[in-house]
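In case it helps, mature numbering (1 follows the signal peptide of the UniProt record, and there is no 0) puts the sequence shown at residues -20 to -1, 1 to 223.
We put the beta carbon where it would ideally sit given N, CA and C, even for glycine.
Worksheet: one structure, shown below.
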Amino acid sequence: MKNLILATTALVMSAGIALADGHGKTIRMGTEGAYPPYNFINDAGEVDGFERELGDELCKRAELTCEWVTNEWDSIIPNLVSGNYDTIIAGMSITAERDEVIDFTDPYTQPDPSSYLAMSADANLTSGVIAAQASTIQASHVASLEGVTLVEFATPEETVAAVKNGEADAVLADKSYLAPIAEADDNLVLLSQEELIGGGIGIGLRESDTELKEKFNKAIQSMKADGSLNALIVKHLPDGATF
């Protein structure tokens, strides 16, 4: 059994290396598909948003054949490690904790402000209940606050619903995600208090895929150099800082 496990692990690692080498293999781009404007499923049932447009361009510049797959957020890292896809491009902030499990490319966004969405401008942020999506930097931040109760949900939609149905006083998430929701719903308020957490967003990869990381880093740097990355940030993330 032990030899079988080792052989299986070696097979997964060798598959990742082969993909990184680009030997005619298709790179599977894993995303959540539920976090606009970063990524979402459009009316045609396809992955859309900032990261779809960015990922397609990065694959083109890296001369890679890529396809898109979706995965729920709470298992997105384990399924990358196990080989179900080859990258995570899903609004994932680069953190030291995640970097212990997977590797990251250079960031393709600056750290995005996190904002609070509530039903009232005087929502209790000091001793109230704050909702956040599980396994996010926002959930970790709220958990570190004294006097505040954290409630976690599997999807970002559920965090907003918790505020609307009274389960939570506010939700903490990326401002670029919450701002359009507040604009579209007169019952919701984007609070002035913001939190600057995380180290920017990058593409997550398996630790063994060093060549694939290098290919994407070169593509990211080329988009930074010619201004095309900033153009996409302005187009999709109007509140996001450019490079």
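Beta-carbon spacing of residue i, residue j below 7 Å
i      : j      : result
Ile117 : Ser73  : yes
Phe84  : Gly184 : yes
Ala159 : Leu168 : no
Ile200 : Asp92  : no
Gln90  : Ala221 : yes
Val151 : Thr135 : no
Phe223 : Leu38  : no
Val49  : Tyr65  : yes
Asp154 : Ser94  : yes
Trp53  : Glu12  : yes
Gly108 : Asp79  : no
His121 : Glu175 : yes
Gly10  : Ile68  : yes
Ala123 : Leu171 : no
Ser156 : Leu105 : no
Thr6   : Thr45  : yes
Arg41  : Ser202 : yes
Neighbour-count burial assignment, residue i, 16 or more Cβ in a 10 Å radius
i       : result
Leu130  : buried
Asn51   : buried
Asn22   : exposed
Ala70   : buried
Asp166  : exposed
Gly207  : exposed
Asp1    : Because Asp1 sits at a pLDDT of 45, beneath the cut-off of 50, its placement in the model cannot be relied upon, and the point is left open.
Ala211  : exposed
Pro16   : buried
Ala(-3) : Caution applies to Ala(-3), whose pLDDT of 41 falls short of 50 and renders its modelled position unreliable; the value that the coordinates give is listed next. When all chains shown are included, Ala(-3) counts as exposed.
Val214  : exposed
Ala142  : buried
Asp102  : exposed
Lys193  : buried
Gly127  : exposed
Opposing strand residues paired with residue i [DSSP bridges]
i      : result
Thr89  : Ile181
Gln113 : Phe133
Trp48  : Met9
Thr67  : Met9
Val27  : Ile21
Ala14  : Phe20
Asp83  : Leu185
Ser73  : Ile181
Delimiting residues of the alpha helix (DSSP H) encompassing residue i
i      : result
Asn19  : Run containing Asn19: none in the alpha helix (DSSP H); it sits in the beta strand (DSSP E), Asn19 to Ile21.
Ala205 : Thr190 to Asp206
Leu60  : Ile56 to Val61
Ala76  : Ala76 to Asp79
Residue range of the beta strand (DSSP E) that includes residue i
i           : result
residue 235 : The chain is shown only over -20 to 223; residue 235 falls outside these bounds and no answer can be derived.
(Q) To test your reading of the DSSP string, which unbroken alpha helix (DSSP H) runs of 4 or more residues are found completely within the stretch 137 to 187? (A) 155 to 164
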